[in-house]
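Chains as they are written, first to last, in my numbering: chain A, 1 to 285; chain B, 286 to 652. Below is one structure; the comments refer to it alone.
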C-alpha cells in the first residue's frame, strides 16, 4: 500500500490534473507573462510593468475598477437581503408540495439564456416599455420615462441573475436548522429579532458566505447585463477587458486588467471571510 | 387551598376533524413532579406544546399560578421547556447557552456570569462554561438543557421525553438524577413520556393518556396496583390478560370463568357486574406466587398447577411460561430470584397462585 499508489489512483486523478493544468494554470501563467511585457518595436517585446502602470495612471480605468467592485458588493448585499426571506420561507414555512414548487419557480428563469432574460428586463424598463406605459396610464407621469441605461437597471439585472445562486445555499443550510432550536429560542424568552440574530443567522452563516461569494464573483465577472442594461456612464470593468482584447487588440493591457480583476475578487472575498469569521473550508465543505 | 402551579381546564385541540386532545382537565400542585404517560400519538405532546405556547387550544383554558396564559406568547410565559432532542444551541458555548434567557431578560454581564456559574455548580458540572455543545456527553447535555431553563426560575418546567435519546444505563441514572434535580430546584416539573418506568420512578402523580383523553390520574402505586381502566392495566406494567365471563359478582368481588373453563376470583372497579357479561382479567406476572408443592399456594384465592413450557431469562425480570394442567391456558409467572427455582426446566411440574386482589377485572362490553 505504501510503496506506491496504484495505476487506478493516477487514472482517477488525471482528469483533475489535466483540467487544472490546461484550463487554469497554463492560461494564467501565459496571461501573467503577456501582462508583464511591453511592445518596444515591431514583434519586439520587453519585460516591464508598463501595463500595470497604465492601469494605475488612468483615472477612467481606476474609477471603473472601483465602481465595478462597489456595485458588485452592493448587488451581493441586495441579493442576500431579498434572498434570505425567500430561502427562509422555502426551507421553514412552506409545507408539503409547496416547497419543491417554490424551488422550481426560482429555477424557471434559468431555463432561458441570460440574453433572453436580460431582454425581458429591457421590455419592462425601456421608454416605450410596460412600466413606463403603466405609469403614464395611471397618470403618475406626464410623458414616457426611460428606466434603462443607468446603474439601477444594472443592479436589477445583476440581482435577478444571481438570485438562484443565493437562494440555493441558503435553503440548504436553513433546512438543516432544527425547528426546535428556533422554538427553544422563543421559549427561553427570545424575541423574533434575537432569535434571528443569535440562532438563525449564525446557523446559516456558511450558506450566507458561500452564496455571497458566488453572487459576488458572478456580478464582478458579468459582462452581458451591464452592457445591455447600463448606459454610457455605467461602464463595467469586464467591458474594458473586452475592448482591450477584441477592439483595441492590446492583449498586454487586457491581460493586466484581467489580473487586476483576479486580485480584486481575491482580496474582497478574503476580507469578507475574515470579517465574518468564516473559513473557506467551512463554507465550501 | 394553595393555587396549583398549573391547571388546564377543559382543554381541547382539534386538527381539522381529528381531535388530538379531548376535553382534558388537570391540576399540578406547586413543587410536584407530574407525568403524562401514553403511547405515541395519544396527544401528550400536543398538551405540552399548548402549555408552552407553541399551539393554541381550540377551547379550554391554561392557567399558571391562577393566571390564564392563553393570550401570552411563548417567550413571555413563565414556563420553560426541555426539548426532546434538548435543542442546545450548537452555535454557542455552554455558558452562552445557559445565559441566553438571562441576556434576553436584560441582566448585566457580571450578574449573568454569576448565575451561569451557580447553575453549573448546581448540575455538578462546574467550569465547563467555555466548552462547545458537541464536546459534552449525552448526560451532560441533558443537565445543561435543564440548567438553561432553571436559571430563568420558571413556575413550571416542561420536559418532552428528554431521556429518549440516551442509552439504557444512562437513562436509569438520569431518572434518579432528574428527580433529585427537581428536589434541588424545588420547581414544578411536567414530564411527558411513553416509558412507564420513567414515569413510575420519578413522578408524584401520573396521568395515563390514551386517544386524547386521560384514563386515570393517580400516584405510581395506585396506577400499578389499582388501575381504573383496562387500558391502564395493560399499559402500565406487564399483565396476563385472560378473557372470561362473569359467573357471579357481589360488590367489588367477582368470580369469572375463563374461555378455557378455569374459575378465577378477582376484583372489579364496577360493583355488582351482571352474570354472563364478558370481561377481561389482568394479572401481573410478578404478583403470582410460584411453588414446588400445591400446599404452598393452596390458601390463595386462585391456584393452579401446570407444566413449565418455557423459561424467559431476563435478570431480575425473569419469567416462566406455565401451561395450566386443567384448562390449557398459558400464564406468564414471575420467577423469584431467591435461588429456590434455579435450574427450573421446561416440562417440570409447578404450582402457582395469587390473591383475588391481584386480579383486576374489567368489563369488555357485550354478553
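Virtual Cβ for every residue (Gly too), placed ideally from N, Cα, C.
A check of alpha carbon separations from residue 345(B) across 308(B), 336(B), 327(B) identifies 308(B) as the nearest. One thing to note: residue 269(A) has its Cβ within 9 Å of the Cβ of residue 216(A). In this structure, residue 588(B) lies away from residue 645(B), with their beta-carbon atoms at least 9 Å apart. With a threshold of 9 Å between beta carbons, residue 365(B) makes contact with chain A.
Put simply, the stretch 564-578 of chain B touches the stretch 625-640 of chain B. At least three CB pairs are less than 8 Å apart. In the three-state reduction of the DSSP assignment, residue 361(B) falls in the helix class. Within the same chain, Cβ atoms closer than 8 Å to the Cβ of residue 366(B) are found at 333, 337, 434, 442, 443, 444, 445, the five residues on either side in sequence being excluded. At a cut-off of 9 Å, the C-beta of residue 272(A) has no neighbouring C-beta in chain B. For residue 639(B), the three-state secondary structure derived from DSSP is strand. Identification of residues in the stretch 168-192 of chain A having a C-beta nearer than 8 Å to some C-beta of chain B yields 178, 180, 181, 183, 184, 185, 186, 187, 188, 189, 190, 191, given in sequence order. Distance from the Cα of residue 513(B) is smallest, within the candidate group 527(B), 487(B), 537(B), 412(B), for 537(B).
Interface with chain B (9 Å Cβ-Cβ cutoff): residue 194(A) is included. Around the C-beta of residue 57(A), fewer than 16 other C-beta atoms lie within 10 Å, and the residue is accordingly described as exposed.
Nearest C-alpha to residue 386(B) among 59(A), 139(A), 187(A), 22(A): 187(A).
Excluding the 5 residues flanking it on each side, residue 325(B) has same chain C-beta neighbours closer than 8 Å at 479, in chain order. Taking a C-beta distance under 9 Å as the contact criterion, residue 447(B) and residue 364(B) do not qualify as a contact pair.
With a threshold of 16 other beta carbon atoms within 10 Å, residue 468(B) falls short and is exposed. The C-beta distance from residue 151(A) to residue 234(A) rounds to 5 Å, short enough to meet the 8 Å contact threshold. Close CB contacts of residue 603(B) within its chain, under the 6 Å cut and outside five residues either way in sequence, are with 620 (chain order).
Scanning chain B for C-beta atoms nearer than 7 Å to the C-beta of residue 227(A) yields nothing, as the closest lies near 42 Å away. Taken through DSSP and simplified to helix, strand or coil, residue 376(B) comes out as coil. DSSP lists no beta-bridge partner residue for residue 415(B). Bounds of any alpha helix (DSSP H) do not take in residue 479(B), whose DSSP letter is neither H nor E.
For residue 607(B), the enclosing beta strand (DSSP E) begins and ends at 604-609. In the three-state reduction of the DSSP assignment, residue 495(B) falls in the strand class. From the beta-carbon of residue 208(A), no residue of chain B is found nearer than 9 Å; the closest lies around 13 Å away. Near chain A, meaning a CB-to-CB distance below 8 Å, the residues of the stretch 434-448 of chain B are 434, 437. Taking CB atoms only, residue 360(B) has a neighbour in chain A less than 9 Å away. Listed along chain B are 376, each with a C-beta nearer than 7 Å to that of residue 202(A). For residue 136(A) and residue 257(A), the gap between their C-alpha atoms comes out near 44 Å.
At least one CB of chain B lies nearer than 9 Å to the CB of residue 199(A). Taking 9 Å as the cut-off, the beta carbon of residue 486(B) is found no closer than this to the beta carbon of residue 500(B).
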